[in-house]
Amino acid sequence: MKITKTTVLDVISAFARFYMAYIWISAGWAKLGEHMSTTKTIEAYEIFTPEWSNYLAYLIGPLEVIGGVLLLLGLFLRPSAAVGTGVLVLFMIGIGQAWARGLGIDCGCFEVDPNQDAQAMNYAKTLARDVFYIFLMIWTMKRPFTKFALHP
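Going letter by letter, the sequence shown gives residues 26 to 177 in this note's numbering.
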């Protein structure tokens, strides 16, 4: 079997789609049923009022899971990836402002523990990871892997 440019690009596209589906589902799943912890984690960023943090805590987990499921099933791949990219940019703004203000907080990305050690988040590593995720989401927007997709 000859490996062609198309085959390599398809493999990258498949990786981008399915890996980001896994990331969104696992990040959202960690927040489901952890409303109080998620609220405290959002409050630690010192961006939103406690009331808004409470609302966001109800929304963020289910929306992340829905975004991941859309990618996994191949439903609206380009719009799903575009929304995911926007959400990642917003997350990066939140992380960046926390770093700039010297807040010692937990990311709250894949596990919700507002009582975790204040030095737990490595800001540079977290932002670099999110840049990689944005790359994968943009790749999915530009060249979605439509095999096994219900509605690309």
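The beta carbon of each residue, even a glycine, is placed where N, CA and C say it ideally should be.
Model, not experiment: these values are computed from the prediction.
- Here the C-alpha atom of MET26 lies approximately 43 Å from the C-alpha atom of GLY86.
- About 5 Å separates the CB atoms of GLY93 and ALA46; that is less than 8 Å, so the two are in contact.
- LEU175 places its beta carbon 8 Å or farther from that of ALA41.
- Following the DSSP letters along the chain, one finds LEU34 inside the alpha helix (DSSP H) bounded by residues 30-56.
- LEU34 and MET117 have their C-alpha atoms spaced approximately 27 Å apart.
- Counting of Cβ neighbours within 10 angstroms places TYR83 among the exposed residues, the total staying below 16.
- Per the coordinates, the alpha-carbon of THR66 lies some 12 Å from the alpha-carbon of TRP77.
- Pairing GLY119 with TYR158 gives a Cβ-Cβ distance that is not under 8 Å.
- Separation of THR74 and ALA106 (C-alpha to C-alpha, rounded to the nearest whole angstrom) is 29 Å.
- By the neighbour-count definition (other C-beta atoms within 10 Å, threshold 16), VAL90 is a buried residue.
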